[in-house]
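K.L.:
For the sequence shown, the tail end lands on 207 under this note's numbering, and the numbers increase by one without skipping. Note that CB positions come from ideal geometry on N, CA and C, so glycine has one too. This is the structure I have questions about; it appears just below.
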Amino acid sequence: MSDTLHPLHGTPSHRAADGPPSRRRRLLAGGLGLGATLLAAGCAGLGGPRTIEVSEARLLEALNRQFPFNSRVLGALDLVVVQPRLKLLPAENRLATEFDVNVDPLLGGRPIAGTLGLSYGLRFDAAEHSVKLEQPRVERLDLGSAGGWLQGRAGRVAAALAENLLSELSVYQLPPDDVQRLQSHGLRPGAIRVTPHGLAISLEPVR
1 MSDTLHPLHG TPSHRAADGP PSRRRRLLAG GLGLGATLLA AGCAGLGGPR TIEVSEARLL
61 EALNRQFPFN SRVLGALDLV VVQPRLKLLP AENRLATEFD VNVDPLLGGR PIAGTLGLSY
121 GLRFDAAEHS VKLEQPRVER LDLGSAGGWL QGRAGRVAAA LAENLLSELS VYQLPPDDVQ
181 RLQSHGLRPG AIRVTPHGLA ISLEPVR
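The structure is reproduced here in structure tokens:
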């Protein structure tokens, strides 16, 4: 496993802060043709290992499609989160992501540029057929010297932003064809394990 934080490349899809969540999910799902290939490689005929393998490169691609991320926190700060950098933490079964954050106070004051680092666990959302974030932990918040007026509220800002990211972001979307394929075989995604190369999602019988 590399300890390097890998920057994401390419032009991210812009979205408004108040854009409908359904549209954001469609953008993500429409850009990920991952499942069929992964299932065919790892579960040919569903007679082989019942695991979906998602590479680190695919995670980077999926994450990148959801940025810039716009969020208003504490009712008075507009935040634009850009340039996510991903790190795998297999020993903790978590992922870590570092972001660049631009803070624009609505009530006056100079905009601030800083860095936010989060780590988080993963869960499978059966309703959306996607891997979502859970148990976020703020690892770092650096607003620099220009953010002195905000430092007293930095913890609240970071916690509010982490909550917004938690509710909106997905790191993997199971394509509809693969959802139907699994259902026809009486299987569903289960435990998620972070590996040195990405994610391993086990498939288990529907009970």
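Short of 7 angstroms in beta carbon distance, which residues of its chain neighbour Ser212, apart from the five on each side in sequence? Order them along the chain.
P.N.:
Absent from the model: residue 212. The displayed extent of the chain is 1 to 207, so no value can be given.
K.L.:
From the DSSP secondary-structure annotation, give me the bridge partner or partners of Val80.
P.N.:
Val80 is bridged to Asn70 and Asn102.
K.L.:
At what residues does the alpha helix (DSSP H) containing Gly155 begin and finish?
P.N.:
Taken as a continuous stretch (DSSP letters only), the alpha helix (DSSP H) holding Gly155 covers Ala154 to Glu168.
K.L.:
Excluding the 5 residues flanking Leu141 on each side, which residues of the same chain have their C-beta closer than 6 angstroms to its C-beta?
P.N.:
Cβ neighbours of Leu141 beyond the five flanking positions: Leu116, Ala154 and Ala158.
K.L.:
Can you tell me whether Gly108 is buried or exposed, with buried defined as 16 or more other CB within 10 angstroms of its CB?
P.N.:
Answer is exposed; the Cβ neighbour count stays below 16.
K.L.:
Which residue from Leu122, Val80, Pro84 and Asn93 puts its Cα closest to that of Gln173?
P.N.:
Answer by Cα proximity: Leu122.
K.L.:
Give me the Cβ distance between Val194 and Leu95, rounded to the nearest whole Å; I'm assuming they're in contact under 8 angstroms.
P.N.:
Going by Cβ atoms, the distance from Val194 to Leu95 rounds to 6 angstroms, so yes, they are a contact pair.
K.L.:
Any idea which residues DSSP pairs Asp125 with across the strands?
P.N.:
DSSP, once it has assigned bridges, lists Ser130 as partnering Asp125.
K.L.:
Going straight from the alpha carbon of Pro196 to that of Glu204, what length do you get?
P.N.:
Pro196 and Glu204: Cα-Cα distance of roughly 23 angstroms.
K.L.:
By alpha-carbon positions, which one of Ala57, Leu199, Arg188 and Arg137 ends up nearest to Gly127?
P.N.:
Note on identity: in this sequence residue 127 is Ala, with Gly being the wrong assignment. Comparing Cα-Cα distances from Ala127 to each of Ala57, Leu199, Arg188 and Arg137, the minimum goes to Arg188.
K.L.:
Within 10 angstroms of the Cβ of Arg137, are there 16 or more other Cβ atoms? Answer buried if so, exposed if not.
P.N.:
The residue is exposed, with fewer than 16 neighbouring Cβ atoms inside 10 Å.
K.L.:
Taking the C-alpha atoms as reference points, what is the distance between Pro7 and Pro111?
P.N.:
In this predicted model, Pro7 has a pLDDT of only 36, less than 50, meaning its place in the structure is not dependable enough to derive any value.
K.L.:
Do Ala160 and Val54 have their C-beta atoms within less than 8 angstroms of each other?
P.N.:
In this structure, Val54 does not lie closer than 8 angstroms to Ala160 by Cβ.
K.L.:
Bridge partners of Asp65, per DSSP?
P.N.:
First, the residue type needs correcting, since residue 65 is Arg and not Asp in the sequence shown. Per DSSP, none; premise fails for Arg65.
K.L.:
What did DSSP end up calling Val206 once you bin it into helix, strand or coil?
P.N.:
It is coil, neither helix nor strand.
K.L.:
Need the endpoints of the alpha helix (DSSP H) that Pro196 sits in, please.
P.N.:
Careful: Pro196 lies outside any alpha helix (DSSP H) and carries neither H nor E.
K.L.:
Give the range of the beta strand (DSSP E) segment to which Glu53 is assigned.
P.N.:
It spans Thr51 to Ser55 - the beta strand (DSSP E) in which Glu53 sits, taken as one unbroken run.
K.L.:
When the distance is taken between beta carbons, is Asn102 closer than 8 angstroms to Pro84?
P.N.:
No, these two residues do not count as a Cβ contact at 8 angstroms.
K.L.:
Determine the direct distance from the alpha carbon of Gln66 to that of Asp178, and round the result to whole angstroms.
P.N.:
So the two alpha carbons sit approximately 22 angstroms from each other.
K.L.:
Residues in its own chain within less than 6 angstroms of Ser130 by CB, not counting five upstream and five downstream?
P.N.:
Result list for Ser130: Ser170 and Gln173, in chain order.
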